Amino acid sequence: MFSFLSKRFLQALLVLLGVSFATFIVGHLTGDPVELMARENATEQDKQDLRVYLGLDRPLEQQYFSFIVKAVQGDLGFSFVQQAKVSQLIAERLPATLQLAAAGFLLALAISIPLGIIIALNRGTIWDFLVTTLAMAGQAAPGFWIGLMLVVLFAVHLKVLPVSGYGGAAYIVLPAITLALQSSARLTRLVRASMLEVLSADYIRTAHSKGLRERVVLFVHAFRGAMIPVVTMAGLELAELVSGAFITETIFAWPGIGRLAVTAVSQRDFPVIQGVVLMSAAFFVLINFLVDVLYVVIDPRVKLK
Amino acid sequence: MSDAVLSVEGLSVDFAVGGSIIHAVRDVSLSVAQGEVLGLVGESGSGKSVTMLSVVRLLDARRTAITARAMSVDGHSILDLRPRALEDVRGPVVSYIFQDPLTALNPLLTVGRQISEGMRRHKGLSRTAARARALDLLRRVGIPAPELRINQLPHQLSGGMRQRVMIAMALAVEPKLLIADEPTTALDVTVQAEIVRLVQSIQREQGMAMVWVTHDLALLARLADRVVVMYAGRIVEDALAEALYDAPAHPYTAGLLASTSRIDDPFSEQEPIPGAPPDPRVVHPGCSFAPRCSRAQARCQGEVPALEIKADGRRVACFYPLTGSQT
Ligand SMILES: Nc1ncnc2c1ncn2[C@@H]1O[C@H](COP(=O)(O)OP(=O)(O)OP(=O)(O)O)[C@@H](O)[C@H]1O
Ligand code: SF4
Ligand SMILES: [Mg+2]
């Protein structure tokens, strides 16, 4: 078990290093930030001074090396545009993003796991058909469209929830639902399929032949095996919710990382871009690592391989 | 037949698959007495497993129609039982040993857990008491180092050991009827004989009734008191083992005997029965063995032969049997 997880941990570090390198290179290929930052009447000398001041005159590999060394210490550099530490900008926005992602994720799990199990147990009925069709439609509909429709219905017509913004609990409802709907559409179908597959396994028949209670067969013998693919997918969904929330954040004016990234891209503020990408990647890697840990807990065969 | 542990009358099982209906079992009647070992043979697809799974309704009720004039296990009328009552019968009254222990055991639960859970459910044993008994059972079925094995997962065991675990699991609740559905088919030849001997010795000690499902008539010669032969979902012959081997009455039984190596004469000529079993979706107007039967006559095409009791107590479904045709 230890060797399995430590191998995964090393892999995770390598991924992070790769991502940081890629973002660093891409960031430097998209244009010279000094041109954007310098005052309009700045001379060549002024610009060169700025470059030296920012360390942009050094060879690329040196810049990258110092970037990494600082990043490990939590220093992601300084935003040229916003005149603030990148780490501070991210720290300001992170709680909002995490709140939204957590709310959306928990909602998605709360919908998809029971629903998927229920329709698997009632396969072939009208409920199975309705839910499966709805889930397919939900998967096909773009997230921003669902978000806008929710706003029109609940905020504009019914006026029971705020249109957008950040504040009390009421503000998180619509964006969380928007995030959760697509995730739960995917997860519900996966839970259903996975549950059906496990339920048709020979060992479920064995469990029945022992006269175990139906709920024991379901939750001790079937549920655990059925969750193995679901955990992987849920991990990806969560990573997606954290790193891909910018559309929802934009629609609902949610002051999270997503909006920070959108602004930074349009301003070519690459320390911020790098920081955000690196942080998203770190999240991705962290969640994947947690998925691996969960695997070992659910499927004891893993640790023996 | 008041001492029958299992008594089935007129059992039919149909599956709805796609647009068609598979008649897997047709009008099967049989009984197993206390302490009796019944062998159930027939080619692949003849309905052996489906018959035996119907005994405690282990088939998927959504796609399966089970009908019977009467079916009782140890006095419980199976088709009338509510789900809860059925759960009480599964295990302590009827236990199963399935063909492939690798797929029949839960890959995520330890051996000990899987042996214990039936005892905890039916005998109300505590966790520690059930574990202690599971250790005993593992020892009894001949698993070395049971203290180690009890905490392992099925895939850490060899095929033979897995089947021993299955056996321990089935024995744990001391069933009145043990149904072994081809328990050795998935195993190495060298292990097969050991497992057969193990099950046989346990059956003798325990004195429980048993149904042994197999393709292999030669194997049943050593094991079974009585043999029931199935063909295309029906019973075609039911006789005491000795009588059946000495003088098969049904042409299909005779064909099966000719196609298996006999225990008393392992080097005799083996000739397979020509042709293939019929499509289980089709309802035949006549004897379903007629297309492959060398004794078939006009009557066999238009009429289904009933399973009749002959003078010596054997039952045969054939208009022109090889023996006892005087009835
Ligand atoms: N769950 C099922 N759904 C549909 N058809 C089935 C199902 N189980 C069995 N059958 C069909 O019923 C018939 C009898 O199958 P059964 O498994 O009882 O045969 P068997 O005698 O046990 O054969 P084998 O020796 O191969 O195990 C076969 O035609 C099979 O295809
Ligand atoms: S009834 Fe006719 S076809 Fe059927 S087994 Fe007997 S002789 Fe053969
Ligand atoms: Mg079978």
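Going down the list, the protein sequences come from chains Z and P. Residues in the first sequence are numbered from 2 upward in steps of one, following this note's numbering. Residues in the second sequence are numbered from 1385 upward in steps of one, following this note's numbering. Each residue gets a CB set at the ideal place from its N, CA and C atoms; glycine is no exception. For clarity, every value in this text was computed on a predicted model and none was experimentally measured.
Judged by their CB atoms, residue 1613(P) and residue 1425(P) are nearer to each other than the 8 Å cut-off.
Neighbourhood of residue 1389(P) in chain Z, by CB distance below 9 Å: empty, with the nearest CB roughly 16 Å away. Among the residues of the region 286-302 of chain Z, those with a Cβ less than 8 Å away from any Cβ of chain P are 299, 300, 301, 302, in the order of the chain. Remark: three or more beta-carbon pairs, one from each stretch, lie closer than 8 Å, so the region 201-208 of chain Z and the region 1481-1492 of chain P are flagged as touching.
The C-alpha of residue 86(Z) lies about 20 Å from the C-alpha of residue 63(Z). For residue 211(Z), the secondary structure class from DSSP, reduced to helix, strand or coil, is coil. When distances are taken from the beta-carbon of residue 1488(P) to the heavy atoms of ligand 1, even the shortest one reaches 7 Å or more. Residue-level contact check: residue 1488(P) touches chain Z, since one or more beta carbons of chain Z fall below 8 Å from its beta carbon. Distance between residue 1508(P) and residue 1616(P), taken at the CA atoms: about 42 Å. Distance check between residue 142(Z) and each of 153(Z), 186(Z), 118(Z) places 186(Z) closest, using alpha-carbon atoms only.
Closest option to residue 1433(P), judged by alpha-carbon separation, among 1553(P), 1397(P), 1420(P), 1603(P): 1397(P).
Straight-line spacing of the CA atoms in residue 1688(P) and residue 1579(P) works out to 39 Å. Between residue 249(Z) and residue 260(Z), the beta carbon gap of about 10 Å keeps them out of contact (Cβ cut-off 8 Å). Distance between residue 1569(P) and residue 1538(P), taken at the CA atoms: about 18 Å. Residue contact check for residue 210(Z) against chain P: a CB pair falls below 8 Å. Between residue 83(Z) and residue 77(Z), the gap from beta carbon to beta carbon reaches 8 Å or more. Among the CB atoms of chain P, one or more fall inside 8 Å of the CB of residue 206(Z). Secondary structure remark: continuous alpha helix (DSSP H) runs of at least 4 residues inside the region 24-80 of chain Z, in chain order: 34-38, 45-55, 61-73. Here residue 226(Z) is buried: its Cβ has 16 or more other Cβ atoms, across all protein chains shown, within 10 Å.
In chain order, the residues positioned with their C-beta nearer than 6 Å to some heavy atom of ligand 1 are 1399(P), 1401(P), 1406(P), 1408(P), 1426(P), 1428(P), 1429(P), 1430(P), 1431(P), 1432(P), 1433(P), 1434(P), 1599(P), 1664(P).
Between the alpha carbons of residue 299(Z) and residue 1658(P) lies a distance of about 51 Å. When beta bridges are read from the DSSP output, residue 1479(P) appears opposite 1562(P).
Among the residues facing chain Z, residue 1458(P) is not included, as its CB has no counterpart in that chain under 8 Å away. Contact with chain P is found for residue 215(Z), since one of that chain's Cβ atoms lies less than 8 Å from the residue's Cβ.
Rounded to whole angstroms, the separation of the alpha carbons of residue 292(Z) and residue 233(Z) is 6 Å. Counting C-beta atoms within 10 angstroms of its own C-beta, residue 26(Z) has fewer than 16 neighbours from the protein chains shown and is therefore classed as exposed. Under DSSP, residue 290(Z) shares a beta bridge with no residue. Residue 1551(P) sits in a helix when the DSSP states are folded into three classes. Taking the Cβ of residue 1679(P) as the reference point, at least one heavy atom of ligand 2 falls within a distance shorter than 7 Å.
When CB distances to chain Z are screened at a threshold of 7 Å, the residues of the region 1489-1508 of chain P falling below it are 1489, 1490, 1491, 1492, 1501, 1502, 1505, 1506, in chain order. Among the CB atoms of chain P, one or more fall inside 8 Å of the CB of residue 222(Z). With respect to chain P, the C-beta atom of residue 129(Z) has no partner C-beta closer than 8 Å.
Contact note: residue 1484(P) reaches chain Z through 203, using a C-beta cutoff of 9 Å and chain order. By the 16-neighbour rule on beta-carbons within 10 angstroms, residue 1430(P) is buried. Here the distance from the Cβ of residue 1632(P) to the nearest heavy atom of ligand 2 is not below 7 Å. Chain P places a beta carbon closer than 8 Å to that of residue 225(Z), counting this residue as a contact.
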